[in-house]
Structures are given as C-alpha cells and as structure tokens.
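Novice: In the UniProt record's numbering, the protein residues as written are 1 to 394. Don't be surprised by glycine CBs; every beta carbon is placed ideally from N, CA and C. Below is a structure I'd like to ask you about.
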C-alpha cells in the first residue's frame, strides 16, 4: 500500500528546503482530479495558467479552470471555472494572447469517454482574463484536438498545431491512427487553413517553435512510447518534413518546448520510454464505457496498423535545454521523480495509486527564470520556478 500524500493546494509558493533558488507550490484546486495545465506569460507581467478538472478525465463533469500569478507575487489567485458543459468533457486548454491584446482560451470538448467526438471551443477576454466572452466553436470539425501553443510569425501568420483523433474502423478510439496538422490564419484568427504533416500517424501534440532563422521545428509526443519526434518547415509552416525520432525518450505522454529569450530551447517531458517498463494497458479510457458500439468495418490495412502503447510510467519529470535548435539536448535535469506512477485515471481511496508527473508546460518568466507546471498524481497542478542555472547545476 502506498503512503497517503497530503497536498496543500492554496496557491502559495515556497523555497524548497536545501534548494533555495527553486520555488514551488500547488495551484488552488478544490476538484477531485486535475490535469493538463498550460502556462502563458502575459504582457502585463502576470503569469496565467489553465487546466482541466473534474471527477475523472473523459467524464462530463470535467471543466476548464484558470488562475493567475500576479506580477511580483508568490501567491496564485483562486481558481475560476471557465467552462461547464454538463454533457461533455472539456480538456486540454491553451492560452493565447493575440497581438491586439485579446486573451484567448481554446480547449477541447468531447462526448463521454470518446476522444474522436472532440470539437475545439474558444472564449476571448478583452480585459486580460478578468471577464470572458461567449463560448464559440472556431472550427467545424469533429475529432480535432489541441495541446500546444499558437505561435505568431514575423509575417503576421498565426499557427495552431492540431491533431486528429481518427478511430480505427470497427474499434473504439485508442489513439492508434492519430495524425497531426497545422492550422494557419492570415487574418488574425478569422479564418484558418489546415496543412497536414506527412506520415505523421502516431505523432501527436505537435509543438511548433520558431527558430528565427527562416525555419520552424516541431516536436511530437509518440503514441508508440518510443521517442520524442521532430520535423521541420522552411516555408512558414505550409509543408513539413516527416517526423523523425530524436534521442529524447517518450512514454506516450505530453511534452512542451518553448524558445527562451536568447534562442535556447527548453523542453519538458518524462525521461522514460516503453523499453524502460513492462507496464501496459489498452487505452486511455479503459474504465469509461459509454455503451456505444464501434463504427465501421475492419480492413486488412487497419488490422495491421501499428498499435499505440499505453501504460508506461509518467515519471520522472525532466527539463532539457538545447542551444542548436533542438538537434541535441546535452543539458538535462529531473525536476521531480516519483514511484509507482502508472497511467491511470483513478485518484480514489487513501492510496491515490496514480503517482504520475505528467503533461508539463514551460515558459520563460518576466524576470528571466523558467516556470514549469505539471500534473501531480492527478490530484493537483504543481508549479515550479528556478533560474536557468539550476538546470545545469545538477
């Protein structure tokens, strides 16, 4: 039996004992399960964070929440619920501050336990997140998912990386056939055109970084739990090379990379892959059954499709730095390590058997420090901040 872990989710940040240049704390949360945070450094100096929370991922009581760390503060504000559709599970929120100052929150909304029914929704704030406009659906598509930031290029184009949850005919969705693409807007988000990433089956959670040299690099989560993948574009995101594995491992869990002010790339991920573990399970929503039958007929092609690998532990939580545009990652440090971090939605009971550290988000803070937030045991969002020197001091 695992020991009971008591969390203080009051939003207060404290120096870490024996490591005073690092501060950490848990964001305010009063919901059973929390997951998939996203950080954004706002132009006014505040730091914004969104995540989803409810009784269990995939269930219809899951909603989007928002908190901010005011400039110069060590205290996150109380969480605010931004969505509440009683019929759908709302997940994977993304914050975006448009050039005109509007603050967007985009998120996914799906039927009970069926990720291939997802649509993307959006709300816009005209006052920096103090109040929010109506819920909108900017894309008329089903099975569309998001996770990583919109970026704005020097030519004014907006790029939103997406992935498509494509079910295998005759089966429930388990992620085996997912593909990636980039939606590009040339009119400040009024309309979008999608450009597919070639040969991207299994490469999801696309995360685009502008290298400021005429090229873009994208990093991907792998459904096969083998490695983080990367691809490149030299035409502002309209065409991409085939995603290829890097030397960074992946466990079929989310990653995030962002460029720091001097061009260094910071990437947060779990330093583990399927070859490091024998843990396995069928899919993400094994414990959720909506009673719906699979659609379509199996074919020889889909029967032979490579299968997603689920169940690899989601720990340690690691940060890596690259000074060559993501070609190599010589500087790596574990932010936190847990044990028994099986992939499970279960947070019930005293044992709280899910010990995952997952779905990290990273940003450079106004004062030059690095901020990282991630899921802690599915019970809270943990936030950590430290100077860049901390990463290379291990």
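#1: Name the DSSP beta bridge partners of residue 14, please?
#2: Output needed for residue 44: all residues of its chain with C-beta closer than 8 Å, excluding positions within five of it in sequence on either side, in chain order.
#3: Near residue 66, which residues of its chain fall below 6 Å by C-beta distance, leaving aside the five closest residues on each side in sequence?
#4: In this structure, how does DSSP classify residue 89 when only helix, strand and coil are distinguished?
#5: Please classify residue 193 as buried or exposed, where buried requires at least 16 other C-beta atoms within 10 Å of its C-beta.
#6: In the structure shown, what three-state DSSP assignment does residue 120 receive?
#7: Tell me the rounded alpha-carbon separation between residue 249 and residue 206.
#8: State the beta-bridge partners of residue 285 as determined by DSSP.
#9: Take every Cβ of the segment 230-241, pair it with every Cβ of the segment 11-25, and state whether three or more of those distances are shorter than 8 Å.
#10: Residues in the same chain with beta-carbon distance under 6 Å from residue 46, minus the five sequence neighbours each way, listed in chain order, please.
#11: Between the segment 318-337 and the segment 366-384, do three or more beta carbon pairs fall short of 8 Å?
#12: When the Cβ atoms of the segment 255-268 are set against those of the segment 210-219, are three or more pairs found closer than 8 Å?
#13: Over what stretch of residues does the alpha helix (DSSP H) that includes residue 390 continue unbroken?
#14: Assuming residue 115 and residue 163 are in contact, meaning their beta carbons sit under 8 Å apart, how far apart are those beta carbons, in whole angstroms?
#15: Using beta-carbon positions only, say whether residue 378 and residue 33 come within less than 8 Å of one another.
#16: Tell me the DSSP bridge mates of residue 260?
#17: Indicate whether residue 208 and residue 195 have their beta-carbon atoms separated by less than 8 Å.
Specialist: In short, the structure shows the following:
#1: 24
#2: 71, 128
#3: 50, 80, 82
#4: strand
#5: exposed
#6: strand
#7: 16 Å
#8: BP columns for residue 285 are empty, so no partner.
#9: no
#10: 68, 70, 71
#11: yes
#12: yes
#13: 388-391
#14: Their Cβ separation, rounded to whole angstroms, is 10 Å, which puts residue 115 and residue 163 out of contact at 8 Å.
#15: yes
#16: Residue 260 is not bridged to any residue.
#17: no
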